[in-house]
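Colleague:
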Amino acid sequence: MIKKIDKNLIELLIALTMIFSFSIWEHMPNIIPNHYSDITSVFWREGIGQGVHAIPYINFIFEYPVIVGMLVYLCSFIARSFTSSFSLAMVYYTFLMDIILYLFTIGTIIIVYKIVVFINGDKSRIWKYFLIMPSFIMFVVYNWDIIAVFFTVLSLYFFLIEKKFKAAVAIGLGVASKVYPALLLPVYMLEVKNWRERFALILIALGTFIILNAPFIALNFNGWLQTWLYHASWGIEDSWLIFFFNQMDPKAHYVALAVLIYLVYKALLETSKKFYSFKNERVIERSFLMKLAWLFGNYVVTPQMALMLLPFYVLIPFLPAALIYLSEVLNALIIVLWFTPELNLGNPLVASSPVQWISAFRQIIWLTLFIYVIFREKTRFLIKKLFERVKS
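Residue numbers for the sequence shown follow the working numbering, so the first one is 158 and each next one is one higher.
1. To the nearest angstrom, how far is the alpha carbon of K448 from that of S241?
2. Would you kindly check if the distance between the Cβ of G329 and the Cβ of A362 is under 8 Å?
3. How many angstroms separate the CA atom of V244 from the CA atom of N501?
4. Rounded to whole angstroms, what's the CA-CA distance from D279 to L464? Just pull it up for me.
5. For L258, I'd like the list of residues in its chain whose CB is within less than 6 Å of its CB, leaving aside the five on either flank, ordered along the chain.
6. Would L288 and A172 be called neighbours here (beta carbons separated by less than 8 Å)?
7. If you check the beta carbons only, do A375 and L420 fall under 8 Å apart?
8. With a CB to CB cut of under 6 Å and the five nearest residues on each side skipped, what residues in its chain are close to A246?
9. If we ignore side chains and look at the alpha-carbon of each, how far apart do I159 and V269 end up?
10. Roughly how far, in whole angstroms, is the beta-carbon of P460 from the beta-carbon of I491, given that I think they are within contact range, below 8 Å?
11. Drop a sphere of 10 angstroms on the beta-carbon of W381, count the other beta-carbons inside from all chains shown, and report buried for 16 or more, exposed for fewer.
12. Are at least three pairs of beta-carbons, each pair with one atom in the segment 434-443 and one in the segment 342-349, less than 8 Å apart?
13. Does DSSP put V298 in a helix, in a strand, or in coil?
14. Start and end of the alpha helix (DSSP H) containing F445?
15. Please work out which residues of its chain come closer than 7 Å, Cβ to Cβ, to L317, disregarding the five sequence neighbours upstream and downstream, and give them in chain order.
16. Which residue wins for smallest C-alpha separation from I294, given the options V530, W495, V486?
17. Let me know if K335 comes out buried or exposed under the rule of 16 or more other beta-carbons within 10 Å of its beta-carbon.
18. Taking the alpha helix (DSSP H) that N187 belongs to, which residues open and close that run?
19. Kindly indicate the opening and closing residues of the alpha helix (DSSP H) around W284.
20. If we ignore side chains and look at the alpha-carbon of each, how far apart do A560 and I263 end up?
21. Would you kindly report the start and end of the unbroken alpha helix (DSSP H) that includes K321?
22. Can you tell me which residues form a DSSP beta bridge with V457?
23. Please report how far the alpha carbon of P477 lies from the alpha carbon of S434, in whole angstroms.
24. To the nearest angstrom, how far is the alpha carbon of H192 from that of H184?
25. Can you give the Cα-Cα distance for L446 and V209, rounded to whole angstroms?
26. If you count every other CB in all the chains shown that lies within 10 Å of the CB of S484, and 16 or more means buried, which is it?
27. According to the neighbour-count rule (16 or more other Cβ atoms, all chains shown, within 10 Å of its Cβ), is G503 buried or exposed?
28. Tell me which same chain residues have a C-beta within less than 7 Å of the C-beta of A398, skipping the five on either side of it?
29. Can you find the residues in the same chain that come closer than 7 Å, C-beta to C-beta, to N216, ignoring five residues on each side of it along the sequence?
30. Quick one: grab the DSSP three-state call for P407.
31. Tell me whether R353 is buried or exposed, calling it buried when 16 or more other Cβ atoms sit within 10 Å of its Cβ.
32. Leaving aside the five residues before and after F527 along the sequence, list all residues of the same chain whose C-beta is less than 8 Å from its C-beta, in chain order.
33. Keeping to the same chain, check which residues put their C-beta closer than 6 Å to that of F555; ignore five residues upstream and five downstream.
34. Here's the rule I'm using: 16 or more other beta-carbon atoms within 10 Å means buried, otherwise exposed. How should I418 be labelled?
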């Protein structure tokens, strides 16, 4: 007899599979029309889908971290081994990558479910704030962000159940797929009570990252370094900074970093002053605030990055639903307008484009959530006073 908890999880995984299948179909290159994805676009590059098959970081520059690079290498190698047709190999490559992302997505939902059970949360929120969200439907196979989301929630789960060193390993794996899981480290360092554990967490996370990258560092350090220099030189994309700086102005990077550091500091400081009934609440809230800080204090905030917020929408019950759904709709509109010149006014990257106005409005909502989480009681009090004045 299937236990109720298992039945709930099975239902979630069935729904996930159906939605994920739609996303695969939507982005499959042999379907006409199909929607763009970064996953498929890299297959056009020399060394991946064209020319002599090569190893990223060693034989050519690749802008994504090592886990993504190795998955691209593996899937493209297998696909090209089966056929000499470029178009057919692209289909095989895309499908293989989608299978891998599907496994990471299943893992993400299972871990989120485990956390919900652990904190005695509301399982129905996985449906309402994850599976049906536009960011999940549109971006789960658009890029590789779901891999970083998986390692983020895995790390959070390990930390909540007091397996701190495993949590640090998961951070190292996460950073080897995308950078932002690193922002869990400040939370963990504040939560543990002695410096020995703090140093251990840093060293384990860093060590995991270095072990994965060591072969590429040893064989072609400059090629490996170009991955990070690429992002350091990238221009403003989908960030409020475009209204204050030219797209390629390097000063925007320093302003973004200053904003990020301030928001991280403010989040950790203010949550230290608050009373929490349980430690788990504080850890989850702080982790959520780190993600919001990243999404506001960054010069590149592409729409697929919003996937990192979905687990926290599930885990934090007091977040205003209206703001969550509005931010999700706006986030989805970015990609809808991006490839439509009539709607983006010719260039989606410039400040005059509706794309950037929508992007900024979405970020303002995220900043509002940041403030609301930190100052929830004060916000409620001010809103109550405002309504009282309106009534009088």
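For glycine and all other residues, C-beta sits at the position ideal for the given N, C-alpha and C.
None of the values given here were measured: they were computed from a predicted structure.
Modeller: The short version:
1. As a position in the sequence shown, residue 448 is number 291, starting the count at 1. As a position in the sequence shown, residue 241 is number 84, starting the count at 1. If I take the Cα positions, the gap works out to 43 Å.
2. Here residue 362 refers to the residue found at position 205 of the sequence shown. Here residue 329 refers to the residue found at position 172 of the sequence shown. Contact flag set, yes.
3. What you label residue 244 is simply residue 87 of the sequence shown in a count that begins at 1. What you label residue 501 is simply residue 344 of the sequence shown in a count that begins at 1. Note that residue 244 corresponds to Ser in the displayed sequence, not to Val. So the alpha carbons of these two residues sit roughly 30 Å apart.
4. Looking up residue 279 in the sequence shown gives position 122. Looking up residue 464 in the sequence shown gives position 307. C-alpha separation (whole angstroms): 20 Å.
5. As a first step, residue 258 must be located in the sequence shown, where it is residue number 101. The residues are V298, I303.
6. What you label residue 288 is simply residue 131 of the sequence shown in a count that begins at 1. What you label residue 172 is simply residue 15 of the sequence shown in a count that begins at 1. Yes, these two residues count as a Cβ contact at 8 Å.
7. Position 218 of the sequence shown, counted from the start, is the residue given in the question as residue 375. Position 263 of the sequence shown, counted from the start, is the residue given in the question as residue 420. Not in contact: A375 and L420 (Cβ atoms no closer than 8 Å).
8. Within the sequence shown, the letter at position 89 stands for residue 246. A236, R237, T240, listed in sequence order.
9. Stepping through the sequence shown from its first residue, residue 159 is reached at position 2. Stepping through the sequence shown from its first residue, residue 269 is reached at position 112. Here the model assigns I159 a pLDDT of 42, short of 50, so the residue's position is not dependable and the matter cannot be decided.
10. Counting from one through the sequence shown, the residue named residue 460 turns up at place 303. Counting from one through the sequence shown, the residue named residue 491 turns up at place 334. P460 to I491, Cβ: 5 Å. Contact.
11. Translated into positions along the sequence shown, residue 381 becomes position 224. Looking at its Cβ environment, which holds 16 or more other Cβ atoms inside 10 Å, W381 is buried.
12. yes
13. Counted from its first residue, the sequence shown places residue 298 at position 141. V298 falls in the coil class under three-state DSSP.
14. In the sequence shown, the residue the question calls residue 445 occupies position 288. Note, F445: alpha helix (DSSP H), 436-453.
15. Taking the sequence shown and counting its residues from 1, the one referred to as residue 317 is at position 160. Correct list, in chain order: I272, F275, N437, V440.
16. In the sequence shown, counting from the first residue as 1, residue 294 sits at position 137. The candidate whose alpha carbon is nearest that of I294 is V486.
17. Translated into positions along the sequence shown, residue 335 becomes position 178. So K335 ends up on the buried side.
18. As a working note, residue 187 is residue 30 in the sequence shown. Counting along the chain, N187 falls outside any alpha helix (DSSP H), and DSSP gives it neither H nor E.
19. Mapped onto the sequence shown, residue 284 falls at position 127. Run containing W284: none; DSSP gives neither H nor E here.
20. Summary: the structure shown does not reach residue 560, with the chain confined to residues 158 through 549, and so no result is reported for it.
21. Residue mapping note: residue 321 aligns to position 164 of the sequence shown, counting from 1. Boundaries of the alpha helix (DSSP H) harbouring K321: 321-332, taken from the DSSP string.
22. Mapped onto the sequence shown, residue 457 falls at position 300. V457 pairs with E394.
23. For the purposes of this step, residue 477 is taken as residue 320 along the sequence shown, with counting starting at 1. For the purposes of this step, residue 434 is taken as residue 277 along the sequence shown, with counting starting at 1. One C-alpha to the other measures close to 21 Å.
24. Stepping through the sequence shown from its first residue, residue 192 is reached at position 35. Stepping through the sequence shown from its first residue, residue 184 is reached at position 27. Spanning the two alpha carbons is a distance of roughly 5 Å.
25. Along the sequence shown, one-based indexing puts residue 446 at 289. Along the sequence shown, one-based indexing puts residue 209 at 52. Each residue's alpha carbon lies about 45 Å from the other.
26. Against the sequence shown, residue 484 aligns to sequence position 327. It counts as buried.
27. In the sequence shown, counting from the first residue as 1, residue 503 sits at position 346. So G503 ends up on the exposed side.
28. In the sequence shown, the residue the question calls residue 398 occupies position 241. The sequence given here places Leu at residue 398; Ala does not occur at that position. These residues qualify, in order along the chain: A409, V412, A413, Y456.
29. Position 59 of the sequence shown, counted from the first residue, corresponds to residue 216. Cβ within range, chain order: G204.
30. As a position in the sequence shown, residue 407 is number 250, starting the count at 1. In the structure shown, P407 sits in coil (DSSP, three-state: anything other than H, G, I, E or B).
31. Counted from its first residue, the sequence shown places residue 353 at position 196. Exposed, since its Cβ has fewer than 16 Cβ neighbours within 10 Å.
32. Here residue 527 refers to the residue found at position 370 of the sequence shown. Contacts found: L420, A424, L446, L449, A450, F453.
33. Since the displayed the chain opens at 158 and closes at 549, residue 555 lies outside it and no answer follows.
34. Stepping through the sequence shown from its first residue, residue 418 is reached at position 261. Residue environment analysis places I418 among the exposed positions, since fewer than 16 neighbouring C-beta atoms fall within 10 angstroms of its C-beta.
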